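Engineer:
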Amino acid sequence: MDEHFGFIVAAFAVTALILAGTIAAVLLDHRAQKRAVARLSGVTEHRSIGPDKDAIA
Amino acid sequence: MLTTYANPTNFLRLAGKLLPWLWGLSALTLAVGLYMTFTAPADYQQGETVRIMYIHVPAAWVAMLSYGVMTAAALATLVWRHPLAEAAQKAAAPLGAAFTFICLITGSLWGKPMWGTYWVWDARLTSVLVLFLIYLGLIALWQTIEEPGRAGRAASILTLVGFINIPIVKFSVDWWNTLHQPASVFRMGGPTIAASMLWPLLVMAVGYSALFAALHVAATRNEVLRRKARRLGITSAAAAEPSVARLRPARAAVH
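Residue numbers (my numbering), protein chains in the order written: chain W, 1 to 57; chain A, 1 to 255.
1. Taking Cβ positions, are residue 183 (chain A) and residue 84 (chain A) nearer each other than 7 Å?
2. Using a beta-carbon distance cut-off of less than 8 Å, what residues from the segment 89-108 of chain A approach chain W?
3. Would you list the residues sitting across from residue 174 (chain A) in a DSSP beta bridge?
4. Would you decide whether residue 61 (chain A) is buried or exposed? Buried here means 16 or more other CB atoms lie within 10 Å of its CB.
5. By the 10 Å Cβ neighbour count, where 16 or more other Cβ atoms means buried, how is residue 147 (chain A) classified, buried or exposed?
6. Residue 23 (chain A) and residue 205 (chain A) look like a contact to me (Cβ under 8 Å); what is the Cβ gap, rounded to whole Å?
7. So residue 204 (chain A) is in the alpha helix (DSSP H); what residue range does that whole segment cover?
8. So, at 8 Å on beta carbons, what are the nonlocal neighbours of residue 128 (chain A) in its own chain, with the 5 sequence-adjacent residues on each side left out?
9. Roughly how far, in whole angstroms, is the beta-carbon of residue 159 (chain A) from the beta-carbon of residue 71 (chain A), given that I think they are within contact range, below 8 Å?
10. Could you give the residue range of the alpha helix (DSSP H) that holds residue 24 (chain A)?
11. Can you find at least 3 beta carbon pairs, one from the segment 136-153 of chain A and one from the segment 28-44 of chain W, that sit closer than 8 Å?
12. With a threshold of 6 Å on Cβ separation, who are the neighbours of residue 134 (chain A) within its own chain once the five nearest residues in sequence on each side are excluded?
13. For residue 43 (chain A), name the three-state secondary structure that DSSP assigns.
14. Check each candidate in A:16, A:96, A:154, A:229 and name the one with the smallest Cα separation from residue 35 (chain W).
15. Mind checking residue 212 (chain A): buried by the 16 CB within 10 Å criterion, or exposed?
16. Report the CB separation of residue 49 (chain A) from residue 114 (chain A) in whole angstroms; it is logged as a contact under 8 Å.
17. Is there a C-beta anywhere in chain A that falls below 7 Å from the one on residue 43 (chain W)?
18. For residue 21 (chain A), which residues in chain W fall below 7 Å Cβ to Cβ?
19. Does the distance from the C-beta atom of residue 37 (chain A) to that of residue 210 (chain A) stay below 7 Å?
20. Alpha carbon to alpha carbon, how far is residue 130 (chain A) from residue 136 (chain A)? Give it in angstroms, no decimals.
21. From the DSSP output, in three-state form, read off residue 188 (chain A) for me.
22. Could one say the Cβ of residue 13 (chain A) lies closer than 7 Å to chain W's Cβ atoms, at least one of them?
23. Taking residue 180 (chain A) as the reference, give the member of A:117, A:234, A:188, A:225 with the closest Cα.
24. Give the interface partners of residue 80 (chain A) over in chain W, defined as CB-CB distance under 8 Å, in chain order.
25. Report all residues from its chain with a CB closer than 7 Å to the CB of residue 21 (chain W); omit the five preceding and five following residues, and keep chain order.
26. Three-state secondary structure (DSSP) at residue 81 (chain A)?
27. What distance in whole Å lies between the Cβ atoms of residue 93 (chain A) and residue 138 (chain A), which are believed to be in contact at a cut-off of 8 Å?
28. With DSSP run on the structure shown, which of helix, strand or coil describes residue 147 (chain A)?
29. Would residue 205 (chain A) pass as an interface residue toward chain W - the criterion being a Cβ-Cβ separation below 7 Å?
30. Are any of the Cβ atoms in chain A nearer than 7 Å to that of residue 11 (chain W)?
31. Do residue 207 (chain A) and residue 33 (chain A) have their C-beta atoms closer together than 7 Å?
32. Which residues of chain W have a Cβ atom closer than 9 Å to the Cβ of residue 218 (chain A), listed in chain order?
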């Protein structure tokens, strides 16, 4: 085994960790933004249609 | 054609179609590149440690590529004030920081067994550290200014000023005496590296670039959605409380 095996493994492990973390962050952010848009679209639509105040009165 | 796809709605549609291909291309090229990395011959001086080169050098290239993308987007932001250019610029900063961080860490782990030290304040290493700090500064700037249009213009100016560091990173090994080796791939007179090592390096570089492209398209899409959510939030708040509409002028809806 190469005497610098530890350095090689550490370099590959750190790279894999950073890349996996970046990919995960982007995908999770996508999910969060999609949810936020869906929720706010619902709210805006609901408010723009709104309850008919005259009907309530 | 560019203006057609620069429309955020069209961009979202295009990103949806493009992303599976970009993820697939990056997974395939990285898998082939990793296979070639571990089947390439060991270096006659560095031994197996040379394998760190296949993850370190492409990270350095993509760190600079990311800054190039950001600079182009900064110019488009300042010239055309296009929201999509702002989104592309903002999306590139954390990605550039990640690749620069990989470059710094793997370089350090390669330097210790080869040079006997994790770090030395030579021109190449220091200029890459400065690049990393510029990325962090840009991320902080985007977070500090809430209004995307103002943040975009401020970040564009800082990005353009910071671009001066890119030629310094590239030519530092030629301009100063550095512990870091000079360029052995992109140089006048062609590569000095053996073909058996050059090919795995190039395939890994394609893999890293494809991954950056996939991440950048995905992150820009997230930014477009974030702005849409912000706009909807303002509209919703204005509908609930009419005074908010007076406080928030129509420009909020532009971004």
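C-beta: ideal position from N, C-alpha, C; glycine also.
Keep in mind the model is a prediction, meaning the values are calculated, not measured.
Structural biologist: The structure says:
1. No, they are not a contact pair.
2. Correct list: 94, 95, 98, 101, 102, 105, 106.
3. None; residue 174 (chain A) has no bridge partner.
4. Burial call: buried.
5. Flag for residue 147 (chain A) reads exposed.
6. Actually they are not in contact, since the Cβ atoms of residue 23 (chain A) and residue 205 (chain A) sit about 18 Å apart, beyond 8 Å.
7. First-last of the alpha helix (DSSP H) with residue 204 (chain A): 195-240.
8. The beta carbon of residue 128 (chain A) lies closer than 8 Å to those of 60, 63, 100, 103, 104, 107, 169 in the same chain, with the five residues before and after it left out.
9. Taking the Cβ atoms as the reference, residue 159 (chain A) lies roughly 6 Å from residue 71 (chain A), within the contact range of under 8 Å.
10. Taken as a continuous stretch (DSSP letters only), the alpha helix (DSSP H) holding residue 24 (chain A) covers 8-39.
11. Contact fails: fewer than three Cβ-Cβ distances are below 8 Å.
12. The answer, listed in chain order, is 162.
13. Reduced to three states, the DSSP call for residue 43 (chain A) is strand.
14. Per the C-alpha coordinates, the member of A:16, A:96, A:154, A:229 positioned closest to residue 35 (chain W) is A:229.
15. Counting other Cβ atoms within 10 Å of its Cβ, residue 212 (chain A) reaches 16 or more and is therefore classed as buried.
16. The Cβ separation is near 6 Å, so the contact holds.
17. Look at residue 43 (chain W): its C-beta is under 7 Å from a C-beta on chain A.
18. The contacting residues do not exist; residue 21 (chain A) stays about 16 Å from chain W at best.
19. No, Cβ-Cβ distance for residue 37 (chain A) and residue 210 (chain A) is not below 7 Å.
20. Approximately 10 Å between the Cα atoms of the pair.
21. Under the three-state reduction of DSSP output, residue 188 (chain A) falls in the coil class, being neither helix nor strand.
22. Not an interface residue.
23. Nearest to residue 180 (chain A) by C-alpha distance, out of A:117, A:234, A:188, A:225, is A:117.
24. Result: empty, since nearest Cβ-Cβ is about 24 Å, beyond 8 Å.
25. Excluding sequence neighbours, residue 21 (chain W) sits near nothing in its chain.
26. DSSP places residue 81 (chain A) in the coil class of the three-state scheme, outside both helix and strand.
27. 5 Å between Cβ atoms; contact.
28. It is coil, neither helix nor strand.
29. For residue 205 (chain A), no Cβ of chain W is located within less than 7 Å of the residue's own Cβ.
30. Taking Cβ atoms only, chain A reaches closer than 7 Å to residue 11 (chain W), which makes this a yes.
31. When the beta-carbon positions are compared, residue 207 (chain A) and residue 33 (chain A) come within less than 7 Å of each other.
32. Correct list: 23, 26, 27, 29, 30.
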